[in-house]
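Everything in the sequence shown is counted per the numbering used here, starting at -16 for the first residue and increasing by one. So the structure is just underneath, and the comments pick up after that.
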Amino acid sequence: MKTKLTIGIGLVLLASACGNKDEKKMEIKKEEPKKVVLYQVFTRLFGNTKETNKPWGTIEENGVGKFNDFTDKALQEIKDLGVTHIWYTGVPHHALVNDYTSIGISNDDPEVVKGRAGSPYAVKDYYNVNPDLAVNPAKRLEEFEALIERTHNNGLKLIIDIVPNHIARKYEGKTNPKGVRDFGADDDVTVEYKRDNNFYYIPNQPFQVPTSENYKPLGGEKNPMIDGKFDENPAKWTGNGSRLAKPDINDWYETVKINYGVKPDGSKDFPELPAGFDQKEYKEHFAFWKHKNVPSSWKKFRDIALYWIDKGVDGFRYDMAEMVPYEFWSYMNSAVKMKNPDAFLLAEVYNPKEYRNYIRLGKMDYLYDKVELYDKLKEVVQGKSLPDPISDIQKGLEDIEHHMLHFLDNHDEQRLASPEFAGSPEKGKPLMVVSTLISSSPTMIYFGQEVGEAGNENGGFGTHSRTSIFDYVGVPNHQKWMNGGKFDGGKLSKEQKELRDFYKRLLNFSIKSDALMGKFQEIQSANRDKTDGYDPGIYSFVRWSDNEKLLVVTNFSWLTTSSFELKVLADVISKWKLKDGNYDLKDQLYHQSKVVLEVKNGVGKVKVALKPLESFIYQL
-16 MKTKLTIGIG LVLLASACGN KDEKKMEIKK EEPKKVVLYQ VFTRLFGNTK
34 ETNKPWGTIE ENGVGKFNDF TDKALQEIKD LGVTHIWYTG VPHHALVNDY
84 TSIGISNDDP EVVKGRAGSP YAVKDYYNVN PDLAVNPAKR LEEFEALIER
134 THNNGLKLII DIVPNHIARK YEGKTNPKGV RDFGADDDVT VEYKRDNNFY
184 YIPNQPFQVP TSENYKPLGG EKNPMIDGKF DENPAKWTGN GSRLAKPDIN
234 DWYETVKINY GVKPDGSKDF PELPAGFDQK EYKEHFAFWK HKNVPSSWKK
284 FRDIALYWID KGVDGFRYDM AEMVPYEFWS YMNSAVKMKN PDAFLLAEVY
334 NPKEYRNYIR LGKMDYLYDK VELYDKLKEV VQGKSLPDPI SDIQKGLEDI
384 EHHMLHFLDN HDEQRLASPE FAGSPEKGKP LMVVSTLISS SPTMIYFGQE
434 VGEAGNENGG FGTHSRTSIF DYVGVPNHQK WMNGGKFDGG KLSKEQKELR
484 DFYKRLLNFS IKSDALMGKF QEIQSANRDK TDGYDPGIYS FVRWSDNEKL
534 LVVTNFSWLT TSSFELKVLA DVISKWKLKD GNYDLKDQLY HQSKVVLEVK
584 NGVGKVKVAL KPLESFIYQL
């Protein structure tokens, strides 16, 4: 059926199985893992109170947030939202256009910096942090260490970025630990490739600054370093793999690619994991690599990761992990896990055919579920698809579903509330219900998502629909919640407060639910085929554990009120061990509604009425 959708709400029915549980079993249950909720925050933007938002504005004009803006109050409010982990995005010192020569940091050439504030994925010094983020840039590392401690004291774990595939063109380790040599310091630059070179080279050709009629560094502003030149001879391969001495303006020209012992023809120049290592734990991976001779870049990035683990960082988000061989990840992640077995390791991987390699061989904890669930939910909310294929996505990921992190908003993607995505924050609600409740995987939200941030600003290098990661900008709806540093939502509208309350209720429910760490089964097919009034935008599934039974029904339509008698299959009723009879179900999201689950001849049914953009959580 080719029906264009109008989208809208989620209904969740929660039922507890009958039967007494002794105290010992209940104690065991309390110790079992619960859902993880990760709050991604762009560190530079979080505490900025300036609302100027001048395109290409300077740090003085447009403002910048600091580590110190994450006060105890701010962190408690984030935790109370239902968050367990926070991802401080853009912490490592990256290339930027600002003058810190007084503390020994060289200026960066605007021609190889994207934006003025700079891309957080062009790291300039892995052993220190962005000086923009410190009240006293000379003490920037100490200020971040204080934030690590403050985060932990407020009951949150934290991760930061590591970007192994590429680094800034002008990398300078000004605060390297004793014995640490900079990337490329020992390279043989006369050859394109050598296993222990950190970079790939284009011999006998100097780097040329990319040019375009449609782009001027700093928006055309005059700067003594903008002269059409950047000293790099011989030129290096660009971060995205371009082998041109003059990269295209659309290449990752501000970065250079790291060599992990992959030859220019793609063949591997390092030991490979033996057959069967996809079934082995990190300790066995660590033992395998312990005495192996591995490329120089492997050791450098392992040492960087362990440096931050020793500082108290609880894990990492690995940028473009699939551009680096999974053997390296086995080597590094097993070393990280030996230091901290609970480290949270999240990877940006977009090729579904490689998911299992990066989880089982690369020892990643979590990967982005972007290409499948995220993309499908975006199609559904835009009326381009029925929600039915969600079932096939979950079935296809069944063996790794716990490892596929769910999100609807992050720094790379169009804002959920933007006209280019859902069109309004309210239309994002049913997506959030499904994304959060459909699996045992972590849920991630991006700061401002919970107050309907739409990313309408044009920061200069960054354009609208995405909150700029390249420019000094303020984040308007987030600033209303921040309320000048009070972090009390004092400037939010009634609708924004209601939206944040929805996120708070849903996320807090998710991190306490046993059922969400249990099993999944779709009931979509049977209801789509046989249930009168089961409109095109509706999707349903069940989740359960010994203690809880969840029945999730979502109406993605933002216009249509749907009324129908939902069928709960005999197979589900049997697995839930429910006898014939009526079960009162009470809403747990807003505590204002009751319905009845009627079980007759081993089959369940529930009379459901779904208003546009309404959500319920019912409990037996």
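Idealized CB from N, CA, C, for every residue including glycine. Computed from a predicted structure; not experimentally measured.
For residue i, name the three-state secondary structure that DSSP assigns.
i	result
Ala509	helix
Met387	strand
Pro114	helix
Asn538	strand
Glu6	Here the model assigns Glu6 a pLDDT of 42, short of 50, so the residue's position is not dependable and the matter cannot be decided.
Gln365	coil
Val245	strand
Thr221	strand
Ile373	helix
Ser604	Since the first residue shown for the chain is -16 and the last is 603, residue 604 is missing from the structure and cannot be characterised.
Trp291	helix
His574	coil
Val239	strand
Phe213	coil
Tyr517	coil
Leu139	coil
Arg300	strand
Trp70	strand
His447	coil
Asp82	coil
Ile232	coil
Ile131	helix
Val174	coil
Ile(-10)	Since pLDDT at Ile(-10) reaches only 40, below the 50 mark, its modelled position is unreliable, and the value read off the structure follows with that caveat. In the structure shown, Ile(-10) sits in a strand (DSSP, three-state: E or B).
Ile452	coil
Val150	The residue you asked about is not Val; residue 150 is Ile in the sequence shown. Strand, per DSSP.
Leu256	coil
What are the residues that DSSP puts in a beta bridge with residue i?
i	result
Asn565	Glu581
Met427	Leu21, Phe390
Gly587	Val551, Val582
Val527	It is Trp, not Val, that sits at residue 527 in the sequence shown. Trp527 is bridged to Lys502, Lys532.
Pro75	Val112
Tyr351	Leu388
Lys251	Val245
Asp144	Arg300
Gln602	Lys569
Taking all protein chains shown into account, decide if residue i is buried (16 or more other Cβ within 10 angstroms of its Cβ) or exposed.
i	result
Asp382	exposed
Glu196	exposed
Ile232	exposed
Asp5	Here Asp5 scores only 44 on pLDDT, less than 50, and its place in the model is too uncertain to base an answer on.
Ser102	buried
Lys13	Confidence at Lys13 is low in this model, with a pLDDT of 46, below 50, so the placement of that residue is unreliable and no value is reported for it.
Pro257	exposed
His274	exposed
Gly30	buried
Val579	exposed
Gly411	buried
Leu(-12)	Note that Leu(-12) scores a pLDDT of 40, beneath 50, so its modelled location is shaky and nothing firm can be said.
Ala86	Rather than Ala, the amino acid found at residue 86 in this sequence is Ile. The residue in question, Ile86, is exposed, as its Cβ has fewer than 16 Cβ neighbours within 10 Å.
Gln262	exposed
Glu484	First, the amino acid is wrong: residue 484 is Asp here, not Glu. Counting Cβ neighbours within 10 Å, Asp484 comes out exposed, since fewer than 16 surround it.
Asp454	buried
Arg532	It is worth fixing the name first, because residue 532 is Lys in this sequence and not Arg. The residue is buried, with at least 16 neighbouring Cβ atoms inside 10 Å.
Tyr198	exposed
Ile(-10)	Caution is warranted here: a pLDDT of 40 is assigned to Ile(-10), below 50, making its placement in the model unreliable, and the coordinate value is therefore given only provisionally. With 16 or more Cβ atoms within 10 Å of its Cβ, Ile(-10) is classed as buried.
Thr136	Thr is not the amino acid found at residue 136; the sequence shown has Asn there. With fewer than 16 other Cβ atoms within 10 Å, it is exposed.
Compute the beta-carbon to beta-carbon distance between residue i and residue j, rounded to the nearest angstrom, for a pair I have assumed lies under 8 Å.
i	j	result
Glu644	Ser451	Residue 644 falls outside the range modelled here, since the chain spans only -16 to 603, and no answer is possible.
Gln397	Ser448	4 Å
Gln575	Phe492	Contact flag wrong, Cβ pair sits at about 15 Å.
Ile142	Leu329	7 Å
Leu356	Val332	Actually they are not in contact, since the Cβ atoms of Leu356 and Val332 sit about 14 Å apart, beyond 8 Å.
Pro193	Lys229	6 Å
Leu549	Asn584	The Cβ separation is near 16 Å, so there is no contact.
Cβ of residue i within 6 Å of any heavy atom in the ligand GTP?
i	result
Leu533	Ligands are entirely absent from the displayed structure, and the ligand GTP is therefore not among its contents.
Touching by the beta-carbon criterion (3+ pairs, under 8 Å), the segment 169 to 184 and the segment 237 to 252: Counting C-beta pairs with one atom in each stretch, the segment 169 to 184 and the segment 237 to 252 have three or more that are closer than 8 Å, which means they touch.
Would the segment 46 to 60 count as touching the segment 110 to 128 if we require 3 or more Cβ pairs under 8 Å? Touching, yes.
So, do the segment 336 to 350 and the segment 311 to 319 have three or more beta carbon pairs nearer to each other than 8 Å? Of all C-beta pairs linking the segment 336 to 350 to the segment 311 to 319, three or more are shorter than 8 Å, placing the two stretches in contact.
Touch check for the segment 57 to 69 and the segment 85 to 99: three-plus C-beta pairs under 8 Å? Because the criterion of three Cβ pairs below 8 Å is not met, the segment 57 to 69 and the segment 85 to 99 do not touch.
Do the segment 210 to 217 and the segment 274 to 293 make contact, defined as three or more Cβ pairs closer than 8 Å? The segment 210 to 217, when compared against the segment 274 to 293, does not touch it at the 8 Å Cβ threshold.
At a cut of 8 Å, does the segment 26 to 43 reach the segment 456 to 472 through at least three beta carbon pairs? The segment 26 to 43 makes contact with the segment 456 to 472; the number of CB pairs closer than 8 Å reaches 3 or more.
Between the segment 137 to 152 and the segment 284 to 299, do three or more beta carbon pairs fall short of 8 Å? Yes, since at least three Cβ pairs between the segment 137 to 152 and the segment 284 to 299 fall closer than 8 Å, the two stretches touch.
Between the segment 383 to 397 and the segment 17 to 25, do three or more beta carbon pairs fall short of 8 Å? Yes, the segment 383 to 397 touches the segment 17 to 25.
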